[in-house]
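Protein chains in written order, with the working numbering: chain W, 3 to 281; chain P, 206 to 397. Note that CB positions come from ideal geometry on N, CA and C, so glycine has one too. Since we're looking at a predicted model, the values are computed, not measured. Quick notes on the structure that follows.
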Amino acid sequence: MRKLAVIIILFITSIELAPGQGLYSPGSPQDDGRFAASTKQVNQFFRRFNGEESADGTKRYYEDDSNYRNRELRGKFISILFDNETSGIQNNLKTEFMKDVLSEPLPQYLAFHRGEWFAEVATTFIYKGKRENVTLFMKLQPEGLGYEWVVDRVSFAPFKNLFKKPQGDQKSFLHPMSHEIGFMNLRKAFQDNKLPEAYTPKEYEPDYLTLFLYEVKNGNLKFDNISDVKFHFFQINDWYFELNQFNRPGFNTGWLISNLIKLKPGDKEVVQKFIYDQN
Amino acid sequence: MKKYISLFLFMFVASATISMAQSDNISPARKQAIDSLALEKVKDLSKYISIIGSKETQFSEANRVMDRAEELFAPDAEMGVSSLNRKEIAYYKVRRYFERLMALNYDRVNITWYDIHYISDLERQPDGRYVGVITVYQRFEGTSLESGLNYRDTTKKDITIYVEKKQTQIAGRTIEFWDVMLGDIRVTETSA
């Protein structure tokens with residue numbers, strides 16, 4: 003016990019002897035509210051969206067707290083979670099979204115582990131001596147004792163341009179009696195043919211992720227850098243929104259909703275296809 | 206040195222007391238204790254950065270502080286730095302980052318930290334350790350007396366923290382405690 007007391011005294015002494023330059027030492031610059039207002043992490047976006055932190059951000063609310071997921075608090079938070087400077091999301095759309103999310107009988111929350119959200123990471127790789135843009139789509143998956151982010155898809159223009167399957171009359175084919183000649187005509191399909199994908203099924207989709215990994219493993223694609231990160235959310239019923247980071251002066255900064263779309267039946271697949279194929 | 210040993214021991218004992226014989230799930234109360242421990246490490250780091258960056262710090266002292274600062278980090282931790290003009294990330298090993306900070310060509314350097322931070326939730330990773338991120342804001346002011354030029358920036362530092370439950374034997378008893386190590390740090394210049 004006496005040892006512990008000595009240790010505590012030493013600890014307190016060490017604080018007093020420390021130079022006054024550390025975190026929260028006298029003379030620390032004071033935040034004028036901008037950093038407090040900023041949604042500093044995606045984690046804080048989740049907390050604010052769900053109403054799981056106090057208005058001043060100093061307290062994390064848990065299920066036992068009376069203000070946990072308080073509807074009024076959530077409303078105030080969500081209203082500041084939109085990018086109000088560049089994205090031009092219509093006010094009536096925001097209002098409709100908030101009405102759905104804050105619905106009294108059926109409020110909707112975001113959940114970190116529930117899926118239906120993913121990251122889009124803009125990267126650069128060196129490919130054949132040139133710096134090329136590669137978009138990685140990352141998803142969170144359970145693994146071992148916890149979770150991990152994994153590369154789910156890849157979008158890379160040189161790969162995409164490599165596969166241009168001809169359609170209709172333009173398409174070469176193996177005639178339906180090829181089996182009777184022991185598929186000897188495969189020679190025509192693969193020798194000196196720049197479009198061997200013509201001989202694949204209708205439903206064939208190139209697996210760019212496998213190609214990407216193959217090229218990385220062979221040393222043909224070398225990681226260079228990361229230029230941007232954004233997130234796509236489909237967790238809220240009938241809504242899609244995009245989350246981007248805004249680093250600019252003012253109070254409307256950090257991780258904010260930069261795109262909001264009300265989804266009709268079938269729209270989700272269209273939006274996803276657009277996201278995955280845009281590059 | 207004694208100062209740091211005492212700090213370590215205090216944290217060790219405190220965290221051991223808090224977490225003895227508890228399960229792997231992190232309750233809000235324990236999360237709060239871990240947050241405090243993690244924030245102490247970040248405070249130590251901020252103090253070390255200020256000392257390393259200061260022109261009043263002698264070379265030998267700066268090297269000693271760099272050693273202490275490195276001890277806060279998990280192996281292979283990196284700093285990823287970008288600025289408003291250069292979005293690309295420049296990657297540095299922690300030691301290299303400190304050495305660059307020490308070698309900055311200013312006559313006067315003042316590094317201070319804003320009175321605000323954010324501590325994320327802790328997420329469990331596949332190996333069972335927990336991981337979180339603490340965000341702090343740093344103001345840097347460098348003055349060159351000859352040219353009279355002042356450089357000032359504010360950077361956001363998103364600091365990875367690894368939280369791991371460990372065991373030790375004290376007087377034949379197994380004591381469990383939570384240890385915190387710092388990991389990769391993303392440094393972004395802000396418009397502030």
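Our contact map puts residue i next to residue j with C-beta atoms below 8 Å; I'd like the distance itself, whole angstroms only.
i	j	result
leucine 306(P)	isoleucine 254(P)	7 Å
proline 208(W)	phenylalanine 165(W)	5 Å
lysine 362(P)	valine 385(P)	Not really, about 16 Å apart at Cβ, beyond 8 Å.
aspartate 33(W)	aspartate 272(P)	So it is not a contact: roughly 32 Å between Cβ atoms.
valine 136(W)	valine 156(W)	6 Å
threonine 125(W)	asparagine 227(W)	7 Å
leucine 83(W)	isoleucine 259(W)	6 Å
Give the range of the beta strand (DSSP E) segment to which residue i is assigned.
i	result
threonine 137(W)	132-145
phenylalanine 345(P)	335-349
lysine 371(P)	354-375
threonine 212(W)	Unbroken run through threonine 212(W) is the alpha helix (DSSP H), 210-219; no beta strand (DSSP E).
threonine 202(W)	Counting along the chain, threonine 202(W) falls outside any beta strand (DSSP E), and DSSP gives it neither H nor E.
phenylalanine 192(W)	Per DSSP, phenylalanine 192(W) belongs to no beta strand (DSSP E); it is in the alpha helix (DSSP H), 188-192.
leucine 306(P)	Element bounds for leucine 306(P): not the beta strand (DSSP E) but the alpha helix (DSSP H), 299-307.
lysine 264(W)	256-264
aspartate 226(W)	223-235
methionine 284(P)	283-287
What's the C-alpha gap between residue i and residue j?
i	j	result
glutamate 275(P)	glutamate 145(W)	30 Å
valine 247(P)	valine 314(P)	20 Å
lysine 42(W)	leucine 215(W)	33 Å
alanine 226(P)	glutamate 369(P)	Because alanine 226(P) sits at a pLDDT of 36, beneath the cut-off of 50, its placement in the model cannot be relied upon, and the following sentence gives the value as read from the coordinates. Roughly 15 Å between the two C-alpha positions.
aspartate 230(W)	serine 251(P)	27 Å
isoleucine 375(P)	isoleucine 316(P)	41 Å
valine 273(W)	glutamine 237(W)	14 Å
asparagine 261(W)	glycine 377(P)	60 Å
lysine 5(W)	glutamine 237(P)	Here the model assigns lysine 5(W) a pLDDT of 49, short of 50, so the residue's position is not dependable and the matter cannot be decided.
proline 280(P)	glycine 388(P)	8 Å
aspartate 279(W)	arginine 76(W)	34 Å
serine 228(P)	arginine 71(W)	Here serine 228(P) scores only 45 on pLDDT, less than 50, and its place in the model should not be relied on; the value that follows carries that caveat. Between serine 228(P) and arginine 71(W), the C-alpha separation is close to 27 Å.
threonine 395(P)	glycine 170(W)	54 Å
asparagine 45(W)	aspartate 326(P)	7 Å
leucine 142(W)	asparagine 52(W)	20 Å
alanine 200(W)	isoleucine 364(P)	50 Å
glutamate 271(W)	tryptophan 318(P)	46 Å
serine 174(W)	proline 168(W)	8 Å
threonine 359(P)	serine 288(P)	10 Å
glutamate 118(W)	tyrosine 297(P)	34 Å
aspartate 102(W)	glutamate 54(W)	18 Å
alanine 308(P)	glutamine 343(P)	18 Å
phenylalanine 382(P)	tyrosine 149(W)	23 Å
alanine 267(P)	phenylalanine 276(W)	53 Å
serine 352(P)	serine 265(P)	28 Å
serine 89(W)	methionine 179(W)	58 Å
lysine 162(W)	glutamate 134(W)	13 Å
glycine 258(P)	aspartate 85(W)	36 Å
aspartate 58(W)	valine 218(W)	46 Å
Mind checking which residues open and close the alpha helix (DSSP H) that includes residue i?
i	result
isoleucine 254(P)	233-258
tyrosine 64(W)	Unbroken run through tyrosine 64(W): none, as it is neither H nor E.
isoleucine 80(W)	73-81
glutamate 54(W)	Careful: glutamate 54(W) lies outside any alpha helix (DSSP H) and carries neither H nor E.
asparagine 163(W)	159-164
alanine 38(W)	36-39
isoleucine 277(W)	269-279
methionine 185(P)	Nothing in the structure corresponds to residue 185(P), since chain P is present only between 206 and 397.
aspartate 102(W)	93-103
Is it true that the CB of residue j sits closer than 8 Å to the CB of residue i?
i	j	result
alanine 121(W)	phenylalanine 243(W)	no
threonine 373(P)	isoleucine 366(P)	no
arginine 282(W)	arginine 62(W)	Chain W is shown only over 3 to 281; residue 282(W) falls outside these bounds and no answer can be derived.
valine 299(P)	valine 392(P)	no
threonine 348(P)	tyrosine 323(P)	no
leucine 213(W)	aspartate 240(W)	no
arginine 329(P)	leucine 147(W)	yes
aspartate 249(P)	leucine 277(P)	yes
leucine 188(W)	phenylalanine 127(W)	no
serine 40(W)	threonine 255(W)	yes
alanine 191(W)	leucine 176(W)	yes
proline 160(W)	tyrosine 129(W)	yes
Chain P contacts from the region 216-249 of chain W (Cβ-Cβ distance under 7 Å): Shown in chain order are the members of the region 216-249 of chain W whose Cβ falls below 7 Å from a Cβ of chain P: Asn227, Ile228, Ser229, Asn249.
The region 36-57 of chain W: positions lying closer than 7 Å to chain P by Cβ: Arg36, Phe37, Ala38, Lys42, Gln43, Asn45, Gln46
Contact list for the region 312-333 of chain P against chain W, Cβ threshold 7 Å: Ile316, Thr317, Trp318, Tyr319, Asp320, Ile321, Tyr323, Ser325, Asp326, Glu328, Arg329, Gln330, Pro331, Asp332, Gly333
Contact set between the region 285-301 of chain P and chain W, restricted to residues whose Cβ is under 7 Å from the partner: Lys292, Glu293, Ile294
Contact residues within the region 333-344 of chain P, judged by C-beta distance below 7 Å to chain W: From the region 333-344 of chain P, only Gly333, Val338, Thr340, Val341, Tyr342, Arg344 have a Cβ closer than 7 Å to chain W.
Proximal residues, the region 91-116 of chain W versus chain P, C-beta separation under 8 Å: Phe114
Contact residues within the region 149-174 of chain W, judged by C-beta distance below 9 Å to chain P: Tyr149, Glu150
Near-chain W residues of the region 247-263 of chain P (beta-carbon distance less than 8 Å), N- to C-terminal order: Considering only beta carbons, the part of the region 247-263 of chain P lying closer than 8 Å to chain W consists of Val247, Lys248, Asp249, Ser251, Lys252, Ser255, Ile256, Ser259, in chain order.
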